[in-house]
Amino acid sequence: MTVVIFDMDGTLIDSQNDITASINHVRALNHTLEPLSSDFVVEAINRDQRNLAKLFYNTEEYHDSDRIVFEAHYHKQCTESAIIYDGIRELIIELHERGVKMGVATNAPSPFANRMLEHVGIAKYFERIVGADMVALPKPDPEMLQVTLEHTLFDSTVDRAFMVGDNSKDMEAGFRAGAVSVFATWGFSPEGHGDHVIGHPSELLELI
Numbered sequence: 517m518t519v520v521i522f523d524m525d526g527t528l529i530d531s532q533n534d535i536t537a538s539i540n541h542v543r544a545l546n547h548t549l550e551p552l553s554s555d556f557v558v559e560a561i562n563r564d565q566r567n568l569a570k571l572f573y574n575t576e577e578y579h580d581s582d583r584i585v586f587e588a589h590y591h592k593q594c595t596e597s598a599i600i601y602d603g604i605r606e607l608i609i610e611l612h613e614r615g616v617k618m619g620v621a622t623n624a625p626s627p628f629a630n631r632m633l634e635h636v637g638i639a640k641y642f643e644r645i646v647g648a649d650m651v652a653l654p655k656p657d658p659e660m661l662q663v664t665l666e667h668t669l670f671d672s673t674v675d676r677a678f679m680v681g682d683n684s685k686d687m688e689a690g691f692r693a694g695a696v697s698v699f700a701t702w703g704f705s706p707e708g709h710g711d712h713v714i715g716h717p718s719e720l721l722e723l724i
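According to the working numbering, the sequence shown is numbered sequentially starting from 517.
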């Protein structure tokens, strides 16, 4: 058996415009700050070491008021501009037809993840969609991946697992879960490192 676990934002779905819109809504409403560009937001999210509260809202730590406003806005916003990356739909269908089991491990809350994946029409192909609200720790902790692997009755002695993502947290989570890490350069991070680096979704088929 082969199991492939995908990150969502920046790997399956281009969500940068919606994320940026909701961050800027919080900045304007709660902090009277000027809007940020989507390029800045994506670069900040993918830094290995960063304080996003400071970068986005000029606060030392996240305030509940900012989280509440963001989540309320993003609940409506998250499917406004979200699009599936070129080649992803074809990849998912091909893997499904090959009998590969698939899951999603995202640091986004699961209600957003389910809604977005339904919106782009691929939610039905995944065994599990695991968000940060469903585990004790987000990626790079491997728990999200372990939840999916346990669900599929994965046996590390005979089965293979892959983690496909666009940042170092995905790669570390994959390594810690015993999966082959595959870095995707088509999303939020054009450069990165993993067991494999691919520039188009179709290249994953050569590794499976």
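A virtual CB, placed ideally from N, CA and C, is assigned to each residue, including glycine.
For clarity, every value in this text was computed on a predicted model and none was experimentally measured.
Contact defined as beta carbons within less than 8 Å: I believe residue i pairs with residue j. What is the distance between those atoms, to the nearest angstrom?
| i | j | result |
| --- | --- | --- |
| V519 | A652 | The Cβ separation is near 22 Å, so there is no contact. |
| Y578 | A569 | 5 Å |
| D534 | E606 | With a Cβ gap of about 23 Å, D534 and E606 do not count as contacting. |
In three-state terms, what does DSSP make of residue i?
| i | result |
| --- | --- |
| A629 | helix |
| T664 | helix |
| M679 | strand |
| V585 | helix |
| A621 | strand |
| H712 | strand |
| S718 | helix |
| I608 | helix |
When the distance is taken between beta carbons, is residue j closer than 8 Å to residue i?
| i | j | result |
| --- | --- | --- |
| N623 | I645 | no |
| V558 | A598 | no |
| D686 | D523 | yes |
| T701 | G715 | yes |
| E610 | L721 | yes |
| I521 | L661 | yes |
| D665 | A621 | The sequence shown places Leu at residue 665, rather than the Asp named in the question. No, they are not a contact pair. |
Give the single residue among the options whose Cα lies nearest to the Cα of residue i.
| i | options | result |
| --- | --- | --- |
| T536 | F704, S718, E722, D711 | F704 |
| P656 | N683, L607, L721, D671 | N683 |
| R543 | Q565, V585, M660 | V585 |
| C594 | I609, I539, L545, D686 | I539 |
| M679 | E596, M618, T575, S554 | M618 |
| D711 | S718, T527, E688 | E688 |
List, from N- to C-terminal side, the alpha helix (DSSP H) runs of 4 residues or more that fit wholly inside the stretch 535-566. 554-561
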